[in-house]
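Undergrad: Sharing a structure with you now.
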Amino acid sequence: MKTLRVLTGITTSGTPHLGNYVGAIRPTVRASRLAHVDSYYFLADYHALIKVGEPVRVQRSTLEIAATWLACGLDPEQVTFYRQSDIPEIPELTWLLTCVTGKGLLNRAHAYKASVDKNNAAGLEPDDGVTAGLFMYPVLMAADILMFNAHKVPVGRDQVQHIEMARDMAASFNHLYGEHFTLPEAEIEAHVATLPGLDGRKMSKSYDNTIPLFVPRDQLRKLIMGIVTDSKAPGEPKETEGSALFQIYQAFASAEETAGLAKAYAEGIAWGDAKQRLFERLDQEIAPMRAVYDELINDPARIERTLKAGAEKARAMSRPFTERLRHAVGLRALDSTNRDTPAAKAAKLAAPVFKQYREADGQFRFKLLDARGALLLQSAGFASPRETAQAIARLRQEGAAALADLTPLLEVLGDMGSVATALDHFKAAD
Ligand code: TRP
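So the sequence shown is numbered by this note's numbering: it starts at 2 and just counts up by one.
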């Protein structure tokens, strides 16, 4: 049975590179094959609008990322694979969450704070150039996660704060309107070392040092030949420590292959030969996927159909769930009855209760607790649960009047006024 719901999204603002593949795509595709995992993977194109103002780029990136995920082995039959903007319930939930989110919470978001700090340092207005979209980013992300009640959200370290904020929003909403949301947890890919880029710094779009995952073969080779190395000559032993080339190789190769390259480094392999070795090893893993990718990217209609089918699957959940949430907050048909209002719920929770239990001595007892959980009555031991139930039934039906007969069977008898009030509650309810 699928017991663990895992959800993650990729913002459609660029072309997937080797770092994305090793850090996010490959591990999530693998996780999606585990029998107990119910995976939700999506293209975060609403998020892309926060950073990208070029419509064509958003569209192209959405196509590329969808094709990449599929080419890397994501099976849309096994997972729920969709595009965020195909789920109109997500912006709707964003608003419901916005209304339970403190503005102060959003002020503390790292991405927003970084922009403010930069402006302050430059002597500009704190919010100069900051859109409300950037400010609201964590709420939209919380809606992505909470809509499907995900348990685990695999993300990079930079996103952990967003998951914590989603938990805060879920807890606030639940507190106000009842238990609707699961509190999600971040799952950090800690063992995945960040991949270095062409210049040795972390591979990242913002450093312009990436190797796109699916460039044509000859271009891949050219890019790899451009990875920075030191100036050691052929024959001179090379250091694996701090070698970007070595680290990229390691992310793709087996332990033995990696040991083999380390040995070649020690024996003074020429950089050109080491690069050729990296190229061949990368291409071995990438080539079969590249063939699928090229096919997919040239058939956008097919990807569009896949995403639309995924959206239907996702909306089979998001539609009824949103209905429930709308009702919970009071967006209701005017002639619908008030089921489960918070007040009714609180009243139910705050009712006195009878509890039946069995003691270590093997005898059966019951207790009556008031709305706050304080003990009002505790019975002596009965031989069977049936006798216990009969005593409870009399108290429920006859109220305080039954106490005269039952007193000998009680070990604890609290304040009579409180006991009578509690018992009246049952008479009224039964
Ligand atoms: N903010 C994430 C990123 O840029 C992408 C994202 C959007 C996401 N919504 C999400 C990730 C929900 C996980 C869950 O990496």
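For each residue, glycine too, the CB sits at the ideal point set by N, CA and C.
1. Decide if R84 is buried, meaning its Cβ has at least 16 other Cβ atoms within 10 Å, or exposed.
2. Could you spell out the range, first to last residue, of the alpha helix (DSSP H) harbouring L262?
3. Rounding to the nearest angstrom, what Cα-Cα distance links M204 and V229 in this structure?
4. For P197 and H176, what's the separation of their Cα atoms in angstroms?
5. What residues in its chain sit with their C-beta under 6 angstroms from that of Y22, if we drop five residues either side in the sequence?
6. DSSP on Q60, reduced to helix/strand/coil?
7. The alpha helix (DSSP H) with K314 in it runs from where to where?
8. Closer than 8 angstroms by C-beta to A72: which residues in its own chain qualify, once you throw out the five before and the five after it? Chain order, please.
9. For S255, count the other beta carbons within 10 Å of its own beta carbon; 16 or more makes it buried, fewer makes it exposed. Which is it?
10. Could you name the residues of the same chain whose beta carbon sits closer than 8 angstroms to that of T307, not counting the 5 residues immediately before and after it, in chain order?
11. Which stretch, first to last residue, makes up the alpha helix (DSSP H) that contains K119?
12. Check for me: the beta strand (DSSP E) holding T9 runs from which residue to which?
13. Taking 7 angstroms as the cut-off, is the CB of L8 close to at least one heavy atom of the ligand GTP?
14. DSSP on H152, reduced to helix/strand/coil?
15. Pick out whichever of I146, Y358, D145, D118 has its Cα sitting closest to the Cα of A381.
16. Between L262, V354, S207, E281, which has its C-alpha nearest T16's C-alpha?
17. Quick one, are the C-beta atoms of M142 and A167 less than 8 angstroms apart?
18. May I ask you to check if the CB of V156 is nearer than 7 angstroms to at least one heavy atom of the ligand TRP?
19. Buried or exposed: E65, going by 16 or more other Cβ atoms within 10 Å of its Cβ?
20. Using 7 angstroms as the cut-off, classify the Cβ of D39 as near or not near the heavy atoms of the ligand TRP, replying yes or no.
21. State the CB to CB distance for the pair I164 and E186, rounded to an integer number of angstroms; the pair is presumed to be in contact (CB under 8 angstroms).
22. Could you give the first and the last residue of the continuous beta strand (DSSP E) run that contains K206?
23. Indicate the three-state DSSP secondary structure (helix, strand or coil) for F355 in the structure shown.
24. For V156, tell me which candidate among E188, R303, G201, S385 has the shortest Cα-Cα distance.
25. Suppose you measure from the CA of E242 to the CA of Q251; what does that come to, to the nearest Å?
26. To the nearest angstrom, how far is it from the Cα of L50 to the Cα of A271?
27. Please name the residue or residues paired with L1 in a DSSP beta bridge.
28. Assuming D371 contacts A423 (C-beta within less than 8 angstroms), just tell me the rounded distance between them.
29. Which residues in the same chain have their Cβ closer than 6 angstroms to the Cβ of Y432, if we skip the five residues on either side of it in sequence?
30. Cβ of T183 within 7 angstroms of any heavy atom in the ligand TRP?
31. Contact between the segment 364-378 and the segment 411-421: three or more CB pairs below 8 angstroms?
32. Identify whether S40 lies in helix, strand or coil by the three-state DSSP scheme.
33. Given the structure, does T12 come close to the ligand TRP, in the sense that its CB is under 7 angstroms from one of the ligand's heavy atoms?
34. Alpha carbons only, please: which of T9, D46, R61 is nearest the one belonging to N299?
35. If you reduce the DSSP assignment to three classes, tell me which class K239 lands in.
36. Please report the distance separating the alpha-carbon of F367 from that of A402.
TA: Once the coordinates are examined:
1. Translated into the one-based positions of the sequence shown, residue 84 becomes position 83. Buried is the call here.
2. Within the sequence shown, residue 262 is the residue found at index 261, counting from 1. Note, L262: alpha helix (DSSP H), 256-267.
3. Taking the first residue of the sequence shown as 1, we reach residue 204 at position 203. Taking the first residue of the sequence shown as 1, we reach residue 229 at position 228. Annotation: M204 to V229 spans about 13 angstroms, alpha carbon to alpha carbon.
4. As a first step, residue 197 must be located in the sequence shown, where it is residue number 196. As a first step, residue 176 must be located in the sequence shown, where it is residue number 175. Each residue's alpha carbon lies about 44 angstroms from the other.
5. Along the sequence shown, one-based indexing puts residue 22 at 21. So the list reads L214, once near-sequence residues are dropped.
6. By one-based count along the sequence shown, residue 60 stands at place 59. DSSP places Q60 in helix when its eight states are reduced to three.
7. Within the sequence shown, numbered from 1, the residue matching residue 314 stands at position 313. Judged by DSSP secondary structure, K314 falls within the alpha helix (DSSP H) whose first and last residues are 301-330.
8. Position 71 of the sequence shown holds residue 72. By the criterion of a C-beta distance shorter than 8 angstroms, A72 is surrounded in its chain by F215, M290, R291, V293, Y294, L297, once the five residues flanking it on both sides are discounted.
9. Counted from its first residue, the sequence shown places residue 255 at position 254. Exposed is the label assigned to S255, since fewer than 16 other Cβ atoms lie within 10 Å of its Cβ.
10. As a position in the sequence shown, residue 307 is number 306, starting the count at 1. Taken in chain order, the residues that qualify are A67, L71, P77, F82.
11. By one-based count along the sequence shown, residue 119 stands at place 118. Run containing K119: 111-122, per the alpha helix (DSSP H) assignment.
12. Position 8 of the sequence shown, counted from the first residue, corresponds to residue 9. 5-12 is the extent of the beta strand (DSSP E) around T9.
13. Summarising the ligand content, the structure contains the ligand TRP and does not contain the ligand GTP.
14. The sequence position of residue 152 within the sequence shown is 151, counting from 1. H152 falls in the coil class under three-state DSSP.
15. Locating residue 381 in the sequence shown gives position 380, where the first residue counts as 1. For the options I146, Y358, D145, D118, the alpha carbon positioned closest to that of A381 is the one of Y358.
16. Residue numbering aside, residue 16 sits at position 15 when the sequence shown is read from its first letter. The closest CA to that of T16, considering only L262, V354, S207, E281, is found on S207.
17. Numbered from its first residue, the sequence shown carries residue 142 at position 141. Numbered from its first residue, the sequence shown carries residue 167 at position 166. Between M142 and A167, the C-beta gap is smaller than 8 angstroms, which places the two residues in contact.
18. Translated into the one-based positions of the sequence shown, residue 156 becomes position 155. True, at least one ligand heavy atom lies under 7 angstroms from that Cβ.
19. Numbered from 1 along the sequence shown, position 64 holds the residue referred to as residue 65. The residue is buried, with at least 16 neighbouring Cβ atoms inside 10 Å.
20. Translated into the one-based positions of the sequence shown, residue 39 becomes position 38. Flag unset: Cβ of D39 not near the ligand TRP.
21. Residue 164 sits at position 163 when you count from the first residue of the sequence shown. Residue 186 sits at position 185 when you count from the first residue of the sequence shown. Yes, I164 and E186 are in contact; Cβ-Cβ is about 7 angstroms, under 8 angstroms.
22. If you number the sequence shown from 1, residue 206 lands on position 205. Looking at the DSSP string, K206 is not in any beta strand (DSSP E), and its letter there is neither H nor E.
23. For the purposes of this step, residue 355 is identified with residue 354 of the sequence shown, where counting begins at 1. Looking at F355 - three-state DSSP - the assignment turns out to be strand.
24. Position 155 of the sequence shown, counting from 1, holds the residue named residue 156. Among E188, R303, G201, S385, the Cα nearest to that of V156 is on E188.
25. Counting from one through the sequence shown, the residue named residue 242 turns up at place 241. Counting from one through the sequence shown, the residue named residue 251 turns up at place 250. Those two C-alpha atoms are separated by around 12 angstroms.
26. The residue you call residue 50 lines up with position 49 of the sequence shown. The residue you call residue 271 lines up with position 270 of the sequence shown. About 45 angstroms.
27. This structure does not reach residue 1, given that the chain is present from 2 up to 431, and the question cannot be answered.
28. As a working mapping, residue 371 is identified with position 370 in the sequence shown. As a working mapping, residue 423 is identified with position 422 in the sequence shown. Contact flag correct, Cβ pair sits at about 5 angstroms.
29. In this structure the chain extends from 2 to 431, so residue 432 is not present and cannot be described.
30. For the purposes of this step, residue 183 is identified with residue 182 of the sequence shown, where counting begins at 1. Judged by the Cβ position, T183 fails to qualify as a neighbour of the ligand TRP at the 7 angstroms threshold, every heavy atom of the ligand being at least this far.
31. Yes: at least three Cβ pairs fall under 8 angstroms.
32. Here residue 40 is taken as the residue at index 39 of the sequence shown, counted from 1. The answer is strand: DSSP assigns S40 an E or B state.
33. To locate residue 12, count along the sequence shown from 1; it is residue 11. Yes, the ligand TRP has a heavy atom inside 7 angstroms of this Cβ.
34. Here residue 299 corresponds to residue number 298 of the sequence shown, with the count starting at 1. Between N299 and the set T9, D46, R61, the nearest pair of CA atoms involves R61.
35. Translated into the one-based positions of the sequence shown, residue 239 becomes position 238. Coil.
36. For the purposes of this step, residue 367 is identified with residue 366 of the sequence shown, where counting begins at 1. For the purposes of this step, residue 402 is identified with residue 401 of the sequence shown, where counting begins at 1. Distance between the alpha carbons of F367 and A402: 18 angstroms.
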